[in-house]
């Protein structure tokens, strides 16, 4: 349920806020926006193609558990994004609110998927692979770097306005995601320490 809920949050934000306002943020949908500008092909179709490629990478480097959960995430993403995008509905909202709302929704979506041991089948796959190779590599920080690389490429197509919006989104979104993941990690560490202390106390009693 966390995986499906996470994808509903993300696709709602992408379809109704990110894409209509041409915010290039470095994700799969933003990559599809860039490819659309260069090729003219349908955005949803291009997003599905990039998603399929990332699924293959997920299977090879993260294993079957992540792969099968990511398939669920992938189908959820494609289903809900295609549905929301087909509605052709735009929210008439101030761009600052668009960035704030979309950052919150997408950060929550990423958090739900990552904590359920699934990727969003976005470029977080690469961040997760690097984190699995070396746990010192921060997932949120890596996603931020990848997003900024895509933003630089987006500068060539969409110009400064979209990139400034994308940078604002990327910094706020990655900040929120990092806070949530750090809080989750801290809670897990406290739980482990408590379990260890209880086990030690039992041994001392015996």
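Numbering (my numbering), first residue to last: 39 to 244.
Ideal Cβ positions, reconstructed from N, Cα and C, are used throughout, including at glycine.
Residues in the same chain with beta-carbon distance under 8 angstroms from residue 81, minus the five sequence neighbours each way, listed in chain order, please. Here residue 81 corresponds to residue number 43 of the chain shown, with the count starting at 1. For residue 81, where only same-chain residues beyond five positions count, the Cβ hits under 8 angstroms are 57, 67, 70, 71, 74 and 123.
Of the choices 44, 59, 138 and 120, whose alpha-carbon is the least far from that of residue 209? As a position in the chain shown, residue 209 is number 171, starting the count at 1. The option with the nearest alpha carbon to residue 209 is 138.
Closer than 8 angstroms is the cut-off here; do at least three beta carbon pairs connect the region 153–165 with the region 104–116? yes
In angstroms, rounded to a whole number, what distance separates the CA positions of residue 104 and residue 54? Residue mapping note: residue 104 aligns to position 66 of the chain shown, counting from 1. Residue mapping note: residue 54 aligns to position 16 of the chain shown, counting from 1. Roughly 28 angstroms separates the two Cα atoms.
Residue interval of the alpha helix (DSSP H) (run including residue 39): Numbered from its first residue, the chain shown carries residue 39 at position 1. It is not in any alpha helix (DSSP H) - residue 39 carries neither H nor E in the DSSP assignment.
Please state the DSSP three-state secondary structure of residue 128. By one-based count along the chain shown, residue 128 stands at place 90. Residue 128 falls in the coil class under three-state DSSP.
Excluding the 5 residues preceding and the 5 following residue 184 in the sequence, name in chain order all residues of the same chain whose CB lies nearer than 8 angstroms to its CB. Here residue 184 refers to the residue found at position 146 when the chain shown is read from its first residue. So the qualifying residues of the chain are 64, 161, 164 and 165.
Where the alpha helix (DSSP H) containing residue 149 begins and where it ends: For the purposes of this step, residue 149 is taken as the residue at position 111 of the chain shown. Unbroken alpha helix (DSSP H) run through residue 149: 133–153.
In the structure shown, what three-state DSSP assignment does residue 123 receive? Here the question's residue 123 lines up with position 85 in the chain shown. DSSP places residue 123 in helix when its eight states are reduced to three.
Is the Cβ-Cβ distance between residue 214 and residue 145 less than 7 angstroms? Within the chain shown, the letter at position 176 stands for residue 214. Within the chain shown, the letter at position 107 stands for residue 145. Yes, these two residues count as a Cβ contact at 7 angstroms.
List, from N- to C-terminal side, the alpha helix (DSSP H) runs of 4 residues or more that fit wholly inside the region 64–113. 66–77 and 81–100
Hey, could you find the ends of the alpha helix (DSSP H) residue 174 is sitting in? The residue given as residue 174 occupies position 136 in the chain shown. Careful: residue 174 lies outside any alpha helix (DSSP H) and carries neither H nor E.
So which of 201, 167, 151 and 84 has the shortest CA-CA distance to residue 108? Along the chain shown, read from residue 1 onward, the residue named residue 108 stands at position 70. Among 201, 167, 151 and 84, the Cα nearest to that of residue 108 belongs to 151.
Nearest residue (CA-CA) to residue 62, options 131, 182, 221 and 223: As a first step, residue 62 is located in the chain shown; it is residue number 24 there, counting from the start. Answer by Cα proximity: 182.
Looking only at its chain, what residues have a beta carbon closer than 6 angstroms to the beta carbon of residue 203, apart from the 5 residues adjacent to it on each side? Looking up residue 203 in the chain shown gives position 165. Counting only Cβ-Cβ distances below 6 angstroms, and skipping sequence neighbours, we find 61.
When the Cα atoms are used, what is the spatial distance from residue 46 to residue 85? In the chain shown, counting from the first residue as 1, residue 46 sits at position 8. In the chain shown, counting from the first residue as 1, residue 85 sits at position 47. When rounded, the distance between both Cα atoms is 16 angstroms.
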